[in-house]
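For the sequence shown, this note's numbering begins at 1424 and goes up steadily by one. Glycine included, every Cβ here is placed at the ideal spot set by N, Cα and C.
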Amino acid sequence: MKITAIEAIPYAIPYAKPLRFASGEVHTAEHVLVRVHTDNGLTGVADAPPRPFTYGETQQSVIAVIEKIFAPNLVGLDVLAREAVHGHLRRTVGNPVAKSAIDMALWDLAGQALGLPVTTLLGGHGNSMRVSHMLGFDEPAKMAAEAERMRDRYGIRVFKVKVGRRPVRLDVEVCRALREVLGDEAELYVDGNRGWTASESARALRALDPLGITLAEELCPADDVLGRRWLVRQSPVPFVADESAVTPAEVTRSLLDGAATAISIKTARTGFTTSQRVLFQCEGMGAEVVMGNQIDGQLGTACTVAFGAAYAASSHRAGELSNFLDMRDDLLTEPLTISDGRLTVRDLPGLGVAIDPDKLARYRQDT
Ligand code: MUC
Ligand code: MG
């Protein structure tokens, strides 16, 4: 089964409720749908959600690198020749979401050809994950009301709270309001997207500790090397590296340098193949992982749960799988559903998803 063409289709779907956080905000899902075609008629799909404010990729850069650099090198290769494919992708530094979408579309093809779900091919541990919902910046009462709505409607009991604003006490008040409304049974953790200094972060951790938070993510920049190490040493909970540790090498450096004690894995930026490497490396080094959300739509979320559910180590904690609920629409024929706080992988070959041609026609931006 050989690769015959790779399509990169820009599309835009507005959010009903924008997500705001310390390093940016997202009002519209301006993503790229990647389709890999083969000589036996099968097509693999995956989503590339560029995050310009974090990794510097844009819709246009994703399309350009796929059309001008990756596709010319990959067309003609066997779909299962993953080492050869990654040999080509690795030559280019950066461009994580463009590379990842190609990788995941190839796994979708492998699953379709073999008649097996990608989850089964990857690790086969389970078929569902508990869901964690990300709460973007707002006033404390509004964030608490959103959490209550997510709990009552979808059974979600794990929340990642975006923090990193000034004054520090504003985000502490949010967590206090959430704890009051949700009670002790809810799990709360925080993500600063590098918004605070190390000393502000230390102050926040002391104030948040009595509220029983379970993880702290990227509270200050990892490039503040000594400050970050000082902060991680005193953190009462695992300290998660997200955007500061994407590649396997960055993950190794981050854990060995004491810049983090846990790692966020996002399939949007490490696909399935590199996410496997990161996961196994974390297991070997004794670091916990969290399945993160790059503000994914339903296709990206289907990929996250396919990977997260496949291994014991990645499905231990809840995965960040619900922010597609804030989008006004999506591209899939069958929407993902969260119930009882869980998302289940479809028991179908590959990723088990299909793109609705009418929706794609409505939202694509290249026609
Ligand atoms: C997160 O975990 O940081 C915000 C920016 C991004 O790329 O992902 C989100 C969530
Ligand atoms: Mg994060």
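Range covered by the beta strand (DSSP E) that runs through residue i
i: Ala1452; result: Gly1447 to Thr1461
i: Thr1427; result: Ile1426 to Phe1444
i: Leu1555; result: In the sequence as displayed, the identity of residue 1555 is Ser instead of Leu. That run of the beta strand (DSSP E) goes Ser1551 to Leu1558.
i: Asp1614; result: Glu1610 to Asp1614
i: Val1669; result: Taken as a continuous stretch (DSSP letters only), Val1669 belongs to no beta strand (DSSP E), as it is neither H nor E.
i: Val1586; result: That residue, Val1586, is in no beta strand (DSSP E); it is neither H nor E in DSSP.
Nearest neighbour of residue i, chosen from the options [CA to CA]
i: Arg1553; options: Gly1775, Arg1602 and Val1768; result: Val1768
i: Asn1716; options: Tyr1734, Thr1542 and Asn1616; result: Asn1616
i: Thr1756; options: Ala1741, Met1424, Asp1781 and Asn1746; result: Asp1781
i: Leu1618; options: Leu1456, Ser1762, Ala1439 and Thr1477; result: According to the sequence provided, residue 1618 is Gly. The question's Leu does not apply to it. Comparing Cα positions, the closest option is Thr1477.
i: Gly1635; options: Ala1609, Ser1484 and Lys1522; result: Ala1609
i: Thr1620; options: Thr1543, Arg1652 and Asp1763; result: Arg1652
i: Leu1503; options: Pro1519, Arg1513, Lys1425 and Ala1732; result: Lys1425
i: Ile1439; options: Asn1746, Ala1630, Arg1785 and Gly1773; result: The residue asked about is misnamed: residue 1439 is Ala in this sequence, not Ile. Out of Asn1746, Ala1630, Arg1785 and Gly1773, Asn1746 has the C-alpha closest to the C-alpha of Ala1439.
i: Arg1751; options: Phe1444, His1450, Ser1446 and Glu1743; result: His1450
i: Pro1437; options: Thr1724, Val1728, Leu1774 and Asp1719; result: Asp1719
i: Met1566; options: Arg1589, Val1597, Val1541 and His1548; result: Val1597
i: Asp1665; options: Ser1551, Leu1638 and Pro1441; result: Leu1638
i: Pro1671; options: Val1655, Ile1579, Ile1688 and Gly1681; result: Ile1688
Buried versus exposed, by CB contacts within 10 Å (16 or more), residue i
i: Lys1491; result: exposed
i: Glu1641; result: buried
i: Leu1702; result: buried
i: Gln1788; result: exposed
i: Met1714; result: buried
i: Gln1657; result: exposed
i: Pro1472; result: buried
i: Asn1463; result: exposed
i: Leu1545; result: buried
i: Asp1470; result: buried
i: Asp1614; result: buried
i: Lys1583; result: buried
i: Arg1572; result: exposed
i: Met1708; result: exposed
i: Gln1482; result: buried
i: Ser1555; result: buried
i: Gly1742; result: buried
First through last residue of the alpha helix (DSSP H) which encompasses residue i
i: Leu1593; result: Val1591 to Leu1605
i: Ser1745; result: No alpha helix (DSSP H) holds Ser1745; DSSP gives it neither H nor E.
i: Met1566; result: Pro1563 to Tyr1577
i: Thr1767; result: It is not in any alpha helix (DSSP H) - Thr1767 instead sits in the beta strand (DSSP E) that spans Arg1765 to Thr1767.
i: Phe1730; result: Gln1721 to Gly1731
i: Val1488; result: Looking at the DSSP string, Val1488 is not in any alpha helix (DSSP H), and its letter there is neither H nor E.
i: Phe1476; result: Pro1475 to Tyr1478
i: Gly1694; result: It is not in any alpha helix (DSSP H) - Gly1694 carries neither H nor E in the DSSP assignment.
i: Gly1635; result: Counting along the chain, Gly1635 falls outside any alpha helix (DSSP H), and DSSP gives it neither H nor E.
i: Gly1650; result: Val1648 to Gln1657
i: Ala1736; result: Ala1735 to Ser1738
Residues bridged to residue i (per DSSP)
i: Ile1686; result: Ala1664 and Val1712
i: Pro1540; result: Gly1773
i: Gly1467; result: Val1459
i: Leu1755; result: Ile1778
i: Glu1640; result: Asp1614 and Val1663
i: Val1581; result: Ser1555 and Glu1610
i: Ile1718; result: The partner list for Ile1718 (beta bridge, DSSP) is empty, contrary to what the question assumes.
Neighbour flag for residue i against chain B, beta carbons, 7 Å
i: Glu1757; result: Here chain B cannot be found, since the structure has a single protein chain.
For this session: For the region 1498-1533, list the alpha helix (DSSP H) runs that are entirely contained and at least 4 residues long, ordered along the chain.
Result: 1505-1514
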